[in-house]
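**Q** Taken in order, the sequence shown gives residues 33 to 308; the numbers are from the working numbering.
Quick one: structure below, then a few questions.
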Amino acid sequence: MDLGLKGRVAVVAGGTSGIGLACAKEFAAEGAHVAVCGRDPDRLADAERELARVATGRVSVAGVDLTDTAAAARWIDRVAADLGGLHVLLVGGGSPPIGTATAFGPDDYRAAVDRVLLPAVGLSLAALPHLRAAGWGRLLLVASETACVPIPPLVLSGITRAALVRFAQGLAVDVGRDGITVNVLAPGGVRTPPMERAAARLAGEDGDVEARLRAMGHHSALGRLARPEEVAAVAAFLASERASYVTAGVHLIDGGAGVTGPDLPHLTGVRTDTYA
Numbered sequence: 033m034d035l036g037l038k039g040r041v042a043v044v045a046g047g048t049s050g051i052g053l054a055c056a057k058e059f060a061a062e063g064a065h066v067a068v069c070g071r072d073p074d075r076l077a078d079a080e081r082e083l084a085r086v087a088t089g090r091v092s093v094a095g096v097d098l099t100d101t102a103a104a105a106r107w108i109d110r111v112a113a114d115l116g117g118l119h120v121l122l123v124g125g126g127s128p129p130i131g132t133a134t135a136f137g138p139d140d141y142r143a144a145v146d147r148v149l150l151p152a153v154g155l156s157l158a159a160l161p162h163l164r165a166a167g168w169g170r171l172l173l174v175a176s177e178t179a180c181v182p183i184p185p186l187v188l189s190g191i192t193r194a195a196l197v198r199f200a201q202g203l204a205v206d207v208g209r210d211g212i213t214v215n216v217l218a219p220g221g222v223r224t225p226p227m228e229r230a231a232a233r234l235a236g237e238d239g240d241v242e243a244r245l246r247a248m249g250h251h252s253a254l255g256r257l258a259r260p261e262e263v264a265a266v267a268a269f270l271a272s273e274r275a276s277y278v279t280a281g282v283h284l285i286d287g288g289a290g291v292t293g294p295d296l297p298h299l300t301g302v303r304t305d306t307y308a
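Now the structure itself:
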């Protein structure tokens, strides 16, 4: 199936591992020119190598702190100038700490907004002039299942992701007649490096990380965690020509976990500054 991404310019903010990298690789494999950013030089180098293996277009990587609004906007402008425009922006990246509503103070709530919501807002607004100039655009914001399903130990995630949805829906109305769609991806449990680190902590002395990962995914209808490339496949469709009438949507990718109900023993009673 030709998704119509060949020759397009796709930017992935937070694209050096996990879901972001999987999406970047999917875009690159479809023939798009791909730019990714991150803060860790080693991860950036690894991501560049992985993208080069599948890309037929150009690959660009840059060290950017997405919480620095001005720096992130400069990166967007630089990519558009270097790669000849901008057509797709996917914003992934930060997650707030795990904990219940009373586990945090006002400063924690403020920090969560700064980490999750404001980078997505800033990047989207910075990208809009380029998407409008192209007369075609796809904005994809990666949230989580907490945008749709309340999970008490993930209250900061729920607050920031719900706000992200409302921003995306309002933006979709503003830009729809410019040929731009806006969608939110809401993945459930995905086997990403942070999830693997959480499993390693839970495994403790017995060291059975795989058993903990199986436990984390057992409550989904499919009985397992998602693979990053499964989320990326949805992102690639939403970024494509074929998704031209899909906008303002929140796309839950949770393997049916929202139907079976949450059962998250690795989060129960947790208050930690370790990011999910």
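All residues carry an ideal CB built from backbone N, CA and C; glycine is no exception.
#1: Cα-Cα, which of L115, T132 and L149 is closest to G126?
#2: For V123, count the other beta carbons within 10 Å of its own beta carbon; 16 or more makes it buried, fewer makes it exposed. Which is it?
#3: Any contact between the stretch 188 to 204 and the stretch 263 to 277? By contact I mean 3 or more CB pairs, one from each, below 8 Å.
#4: In terms of residues, what are the limits of the alpha helix (DSSP H) holding I108?
#5: So what's R71 in DSSP terms, helix, strand or just coil?
#6: What span of residues does the alpha helix (DSSP H) with R198 cover, start to end?
#7: Please list the terminal residues of the continuous alpha helix (DSSP H) segment that includes G52.
#8: What's the C-alpha gap between R142 and V263?
#9: In the structure shown, what three-state DSSP assignment does H65 receive?
#10: For A179, which of V86, V91 and P219 has the nearest alpha-carbon?
#11: Below 8 Å on the Cβ atoms is my guess for S176 versus R193; work out the distance and round it to an integer in Å.
#12: In angstroms with no decimal places, state the Cα-to-Cα distance between D97 and C69.
#13: Could you pull the DSSP bridge partners for V216 from this structure?
#14: Opposite T79 in the DSSP bridges: which residues?
#15: With 16 other CB atoms within 10 Å as the buried threshold, where does A308 fall?
#16: Is it buried or exposed, G236, if we count other Cβ atoms within 10 angstroms and call 16 or more buried?
#17: Taking all protein chains shown into account, decide if S376 is buried (16 or more other Cβ within 10 angstroms of its Cβ) or exposed.
#18: Can you tell me the Cα-Cα spacing of A67 and V86, whole angstroms?
#19: Could you pull out every residue in the same chain whose Cβ sits closer than 8 Å to the Cβ of M33, ignoring the five residues on either side in sequence?
#20: Residues in its own chain within less than 6 Å of T306 by CB, not counting five upstream and five downstream?
#21: Run the CB neighbour count on P182, radius 10 Å, all protein chains shown included, and call it buried at 16 or more, exposed below.
#22: From A152, D286, I191 and V43, pick the residue whose C-alpha is nearest to that of P138; which is it?
#23: State the Cα-Cα distance for the pair A144 and L172, rounded to the nearest angstrom.
#24: Per DSSP, what kind of secondary structure is P184 in: helix, strand or coil?
#25: Please report the straight-line C-alpha distance between G47 and G288, rounded to a whole angstrom.
#26: Just grab the DSSP bridge partners of S92 for me.
#27: If we ignore side chains and look at the alpha-carbon of each, how far apart do S92 and H162 end up?
#28: How long is the line joining the alpha carbons of L284 and F136, rounded to whole angstroms?
#29: If V282 sits next to V216, beta carbons under 8 Å apart, how far is it from one beta carbon to the other, in whole angstroms?
**A** In short:
#1: Measuring from the Cα of G126, the nearest candidate turns out to be L149.
#2: By the neighbour-count rule (16 or more Cβ atoms within 10 Å), V123 is buried.
#3: No contact exists between the stretch 188 to 204 and the stretch 263 to 277.
#4: Its alpha helix (DSSP H) spans residues T101 to L115.
#5: R71: coil per DSSP, three-state reduction.
#6: Run containing R198: V187 to V207, per the alpha helix (DSSP H) assignment.
#7: Here the alpha helix (DSSP H) through G52 covers G50 to A61.
#8: Cα-Cα distance, rounded: 29 Å.
#9: Of the three classes helix, strand and coil, the one that applies to H65 here is strand, per DSSP.
#10: Among V86, V91 and P219, the Cα nearest to that of A179 is on P219.
#11: Contact flag correct, Cβ pair sits at about 6 Å.
#12: One alpha carbon belongs to D97, the other to C69, and they sit about 8 Å apart.
#13: Bridge partners of V216: L173 and V282.
#14: The residue asked about is misnamed: residue 79 is Ala in this sequence, not Thr. DSSP lists no partner for A79.
#15: For A308, the predicted model reports a pLDDT of 45, less than 50, meaning its position is unreliable and no value from the coordinates is stated.
#16: By the Cβ neighbour-count rule, G236 is exposed, with fewer than 16 other Cβ atoms within 10 Å of its own.
#17: Nothing can be reported for residue 376, as the shown portion of the chain is limited to 33 through 308.
#18: Going by C-alpha positions, A67 is about 14 Å away from V86.
#19: Excluding sequence neighbours, M33 sits near R274.
#20: Residue confidence is low: T306 scores 46 on pLDDT, short of 50, so the model does not pin down where it sits. Its coordinate-derived value is still stated next. Contacts found: none.
#21: Exposed, because fewer than 16 other Cβ atoms sit within 10 Å of the Cβ of P182.
#22: The candidate whose alpha carbon is nearest that of P138 is I191.
#23: A straight line joining the alpha-carbon of A144 with that of L172 spans about 20 Å.
#24: It is coil, neither helix nor strand.
#25: Distance from the CA atom of G47 to the CA atom of G288, rounded to whole angstroms, is 26 Å.
#26: For S92, DSSP records a beta bridge to A67.
#27: Whole-angstrom Cα-Cα distance: 17 Å.
#28: Their backbone Cα atoms lie some 27 Å apart in a straight line.
#29: The pair is a contact, with the Cβ atoms about 5 Å apart (cut-off 8 Å).
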